[in-house]
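Input: a single structure, listed below in structure tokens.
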Amino acid sequence: AAEAVQLSIRRSAEGWRIEILDRGQGMNEAVLANALLPFYSTKRHGTGLGLALSREIIEAHGGRITLLNRDGGGLCVALVLPL
779 AAEAVQLSIR
789 RSAEGWRIEI
799 LDRGQGMNEA
809 VLANALLPFY
819 STKRHGTGLG
829 LALSREIIEA
839 HGGRITLLNR
849 DGGGLCVALV
859 LPL
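Numbering of the sequence shown is given in this note's numbering, commencing with residue 779 and proceeding in unit increments.
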């Protein structure tokens, strides 16, 4: 059975930090390096726009997004948005 997805929201000196965490398979290094680029997709019929548009919107608001593999498996998508 799939593990639950966790959501963490906390305030830091940088602003609001929002983390979405799972225990899936994570991403290999090549995917991590390219996942936020426009038109990059690992899906046969994917457009490669979802994460790229998310990054553009977040950066337009002065924030940033990072993707990190978690120790023990899974992925952490972290957003930092200024106060």
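No residue lacks a Cβ here, since even glycine has one placed at the ideal position from N, Cα and C.
Bear in mind the structure is a predicted one, so any value in this text is a computation, not a measurement.
For R789, count neighbouring Cβ atoms within 10 angstroms of its own Cβ and tell me buried if that reaches 16, exposed if not.
-> Exposed is the call here.
Considering S786, what are the terminal residues of the beta strand (DSSP E) in which it resides?
-> For S786, the enclosing beta strand (DSSP E) has its first and last residue at 784-789.
In whole angstroms, what is the alpha-carbon distance linking G804 and R848?
-> 8 angstroms
Starting from the C-beta of T825, find all residues in its chain whose C-beta is less than 8 angstroms away, skip the five residues before and the five after it, and write them out in chain order.
-> F817, S819
Closer than 8 angstroms to chain D by CB, I836 = Protein chains in the displayed structure number just one, and chain D is not present.
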